[in-house]
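Asker:
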Amino acid sequence: MAQSETRHVTPASLAVDFVLVALFFAYMFTVLESHVPSSDPKMVHLWSALGSACMTGVFWLALQMFRVVFKAHRAAAKK
Numbered sequence: 031m032a033q034s035e036t037r038h039v040t041p042a043s044l045a046v047d048f049v050l051v052a053l054f055f056a057y058m059f060t061v062l063e064s065h066v067p068s069s070d071p072k073m074v075h076l077w078s079a080l081g082s083a084c085m086t087g088v089f090w091l092a093l094q095m096f097r098v099v100f101k102a103h104r105a106a107a108k109k
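In this text, residue positions in the sequence shown follow the numbering used here: the first is 31, and each later residue adds one.
#1: Please go through the same chain and pick out, in chain order, the residues whose beta-carbon is closer than 8 Å to the beta-carbon of residue 96, but skip the five residues on each side of it.
#2: Given a threshold of 16 other Cβ atoms within 10 Å of its Cβ, counted over all protein chains shown, does residue 68 qualify as buried or as exposed?
#3: Taking Cβ positions, are residue 66 and residue 73 nearer each other than 8 Å?
#4: DSSP state of residue 71, grouped into three classes?
#5: What residue does the alpha helix (DSSP H) around residue 60 start on, and which one ends it?
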């Protein structure tokens, strides 16, 4: 079973992933701020950040799965 020596992770893909994940975190943080039932700004920021971190992790996993499926789809189309 010979596998080709292709790089799946490049510096450019890491940079794109970092930017997308950071933008998603910032977006979710702003959305969740209005949903925290507290009047203390520290608690609002804490729980918004914690909720955004969980959702951002799921977003990162979905992004990686999308990359794998897209790469497999392109490889199948070439054959």
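Ideal Cβ positions, reconstructed from N, Cα and C, are used throughout, including at glycine.
Answerer: Considering the structure as presented:
#1: none
#2: exposed
#3: yes
#4: helix
#5: 41-63
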